[in-house]
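Working notes, beginning with the structure itself.
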Amino acid sequence: MQGDRGVGLIEELAGLIGAEAVLTAPADLEGATEDWRGRYRGTALCLVRPANTEEVAAVVRCCRDHGVPILPQGGNTSLCGGAVPPSDGPAPVILSLTRMRTIRAIDPVNNTIEVEAGAILATVQEAAAEAGRLYPVSLGAEGSCQIGGTIATNAGGTSVLRYGNTRDNVLGLEVVLADGTVWNGLYGLRKNNTGYDLKHLFIGSEGTLGVVTAAVLKLHPLPKRHATAWVSLSSPIAALQLLTMVQESCGSRLSAFELMNQLQLDLVIRHVPGRRSPVETSGGWHVLIELADSGDADDLDAAMQAMLERAYGDELLVDATIAASEAQRNAMWDVRHSVSEANKKGGVGLTTDCAVPLSAVPAFIEAATAAVRAVVPDLPVIIVAHMGDGNVHFIPFFSFDAWRAAGDTDALAATIRKAVNDEAARLKGTFSAEHGVGGVLVPEMARYKPAAELTLMRAVKQALDPQGLFNPGRLLPPAS
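Throughout the sequence shown, residue numbering follows numbering that gives the first Met the number 0, covering 0 to 479 in sequence.
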C-alpha cells in the first residue's frame, strides 16, 4: 500500500510532469525494480520520466517537500545493486532519464560533444563517429547503458589503458541538486583553474549527491585503421610479458589488451549462439589485442605481425590469429562482449571487480584462486581482465545446481567476496575498479576504506544532500 502520503505525492508529480510520465502499474515498475540478472529487487512508489532538466528539478523539489527518497536510474545495467531500490526502508521514487536523450551539440574543432544524460552510450559513439571523432568509453552494455549512468559509476571498459575511464573523458556537467537547484557546469574547457572542480564530486557518486542531467564529453581523433589479434598463451605471467612487449613496440597505438581464461571462452562458445574460438590451439589463457591509428593500415598490420613473431620467438604464445577483415575483428570483439550473457546463462558467478598494480596481476589471480578454494575446494574460477589497466574481474563460478545446494548463499557470497578482496587489498589494490559500490559492496567500503576517507565522504554527502534523499543505502556505509 502506498498510503495517503504516497498517493498525494504521485498526484502532485502527475500535475508537474504529466500523468503519462508517472508510472505506478506493477508491469511498468517490474523492469526498474529488479536488476538485469534477477539478483536484486525492491519496491518503489512510482517511476517518473521527466522530459527535460526543468522537470527533473521539479520532481526533486516535490520529493524533497514530501521527504521521499529519489533513485536516479540510467540503463539499470549495474552489477552491484546500485540502480534498483533497496528491499527495505522507505520506497523511493525512481527517476528515469529515458526521455532525455538529445545530442545537444557537437564541436569537432573543440573535440567535444554535449549530450543529455539519458542518451545511450552507443548512440553517443555513433554521433561522434559521424563527425569524424571518437568517444572512447566502450563496454559490453554500451547498447543499453546511459551516459548519466556511466558518469555516476565512473565506468571503465576496454579502452581505459589508452583513453582513461569516464572521469578522464568528462569536461563539464549539468546537475540537479537536492534542493532542486540546477548547477550548469557545462564547460568545454581543458583548462579551468577557478577553484574546486565540482564535476568530480558527481562522477562516481552513484546518484547519492545529485542527478546528472547533461554532460560535455571529450572527443578524440577517430582511428581509421585497426589491427586486432587473438592470442592464446599459457599463463597470466606470459600475458603480462606480452603486454610489456606490445607497449614497448607499439606505444600509444595499443588501445585494448583483454585477458580471459579458457573457462570463460568455453562458456561464451557454449551459451551464446554464433560465437567460436578465434584460435585452433589453446594454452588455457587468451588475450584480445587491438592497435588503432589514423595512419596506414599496412603499417599497423606490420607492427602487429612483427610483435607477434617476436613473441613466438620468445615462446610467449601458443597460437595467434590476426583479423583479416572487419568481420573477423567484430567476431573477436563479439566473443569479448558476450561474457556477461554467457555467465548469466551458464550458472551463478560471484563477480568481483578488483584492480591491482599491473605487476601484481598474476600474483593476485594465483592468490585469490587459492583463497576461494580454501572456502570451496576445487571451485571453478572465471577470469576476465582489462589487463592493460590492472582491472581483474575474478569470478568464482557455481553451476545452478551447486548454488541451490550451497545453503546460506548470502553468507557464502560474502565470505568468498572477502577472500578475494582481501588479496587485492594485500597487493595495494581495490575492491571496486569500474562497477561502483552500489548496495552489495557497502560492507567492503566499511572494511577497506580508511576512516578519514569515509569521514570526508560523509561530510560531502551531508553538505549536498542533508536530508539523505538521493539513493539512500548506497555507496556510503552508516557512520555507526
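Backbone N, C-alpha and C fix where the C-beta goes; we use that ideal spot for every residue, glycine too.
query: Buried or exposed for leucine 70, going by 16 or more other Cβ atoms inside 10 Å?; result: buried
query: Could you name the residues of the same chain whose beta carbon sits closer than 6 Å to that of asparagine 110, not counting the 5 residues immediately before and after it, in chain order?; result: Leu218
query: Spatial neighbours of methionine 0 within its chain, please: C-beta separation below 6 Å, excluding the five flanking residues on both sides.; result: Residue confidence is low: methionine 0 scores 37 on pLDDT, short of 50, so the model does not pin down where it sits. No coordinate-derived value is stated.
query: In its own chain, which residues sit with a C-beta less than 7 Å from the C-beta of alanine 121, not counting the 5 before and 5 after it?; result: Glu141, Gly142
query: Are alanine 128 and isoleucine 112 touching if we call contact CB-CB under 8 Å?; result: no
query: So who's on the other strand from cysteine 62, going by DSSP bridges?; result: DSSP, once it has assigned bridges, lists no residue as partnering cysteine 62.
query: Which of helix, strand or coil does DSSP assign to aspartate 347?; result: Note that residue 347 corresponds to valine in the displayed sequence, not to aspartate. Three-state result, valine 347: strand.
query: Mapping the DSSP letters down to three states, classify isoleucine 382 as helix, strand or coil.; result: strand
query: When you compare each of Val286, His285, Asp300 to aspartate 292 by their alpha carbons, which one comes out closest?; result: Asp300
query: Hey, how far is the Cα of alanine 405 from the Cα of isoleucine 382?; result: 22 Å
query: Whole angstroms are fine: how far does the CA of asparagine 390 sit from the CA of alanine 384?; result: 6 Å
query: The alpha helix (DSSP H) with histidine 336 in it runs from where to where?; result: 325–336
query: What do you get for lysine 198, buried or exposed, if any count of 16 or more other CB atoms within 10 angstroms of its CB means buried?; result: buried
query: How many Å lie between alanine 445 and valine 230 at the Cα?; result: 40 Å
query: For a test of the three-state rule: what should DSSP assign to lysine 417, helix, strand or coil?; result: helix
query: Check whether the Cβ atoms of tyrosine 195 and leucine 170 lie closer than 8 Å to each other.; result: no
query: Does the beta-carbon of valine 338 have 16 or more other beta-carbons within 10 angstroms, so that it is buried, or is it exposed?; result: buried
query: For a minimum of 3 consecutive residues, which ranges assigned as the beta strand (DSSP E) are wholly contained in the segment 149–235?; result: 169–175, 181–184, 210–217, 224–232
query: Buried or exposed: where does proline 220 fall if 16 or more other Cβ atoms within 10 Å of its Cβ makes it buried?; result: exposed
query: Of the choices Val436, Glu115, Glu443, Glu19, whose alpha-carbon is the least far from that of tyrosine 415?; result: Note that residue 415 is isoleucine in the sequence shown, not tyrosine. Closest by alpha carbon: Glu443.
query: Look up methionine 0 in the DSSP assignment and say whether it is helix, strand or coil.; result: Caution is warranted here: a pLDDT of 37 is assigned to methionine 0, below 50, making its placement in the model unreliable, and the coordinate value is therefore given only provisionally. Coil, per DSSP.
query: What residues match up with leucine 242 in a beta bridge as DSSP calls it?; result: The partner list for leucine 242 (beta bridge, DSSP) is empty, contrary to what the question assumes.
query: For threonine 52, which of helix, strand or coil comes out of DSSP?; result: helix
query: Return the chain-ordered ranges of every beta strand (DSSP E) run that is complete within the segment 246–285 and spans a minimum of 3 residues.; result: 253–260
query: For glutamate 340, does the three-state DSSP call read helix, strand or coil?; result: helix
query: Do three or more CB pairs link the segment 72–79 to the segment 423–442 at distances below 8 Å?; result: yes
query: Between which two residues does the alpha helix (DSSP H) harbouring arginine 403 extend?; result: 399–403
query: Give the DSSP-derived three-state secondary structure of valine 391 in the structure shown.; result: strand
query: Taking DSSP's pairing of strands, which residues face cysteine 144 in a bridge?; result: For cysteine 144, which the question treats as bridged, DSSP gives no partner whatsoever.
query: Which residue comes first and which comes last in the alpha helix (DSSP H) that contains threonine 453?; result: Note on identity: in this sequence residue 453 is leucine, with threonine being the wrong assignment. From DSSP, the alpha helix (DSSP H) with leucine 453 extends over 450–463.
query: With burial defined as no fewer than 16 other Cβ atoms inside 10 Å of the residue's Cβ, what is the status of proline 465: buried or exposed?; result: exposed
query: If you follow the beta strand (DSSP E) that isoleucine 112 is in, where does it begin and where does it stop?; result: 111–115
query: Leucine 94 and glutamine 72 look like a contact to me (Cβ under 8 Å); what is the Cβ gap, rounded to whole Å?; result: 7 Å
query: Leaving out five residues before and five after arginine 457 in sequence, what residues of the same chain have Cβ atoms less than 8 Å from its Cβ?; result: Leu475, Ala478
query: Could you check whether valine 278 and alanine 226 sit closer than 8 Å to each other, using their CB atoms as the reference points?; result: no
query: With arginine 103 as the anchor, note down where its beta strand (DSSP E) starts and where it stops.; result: 102–106
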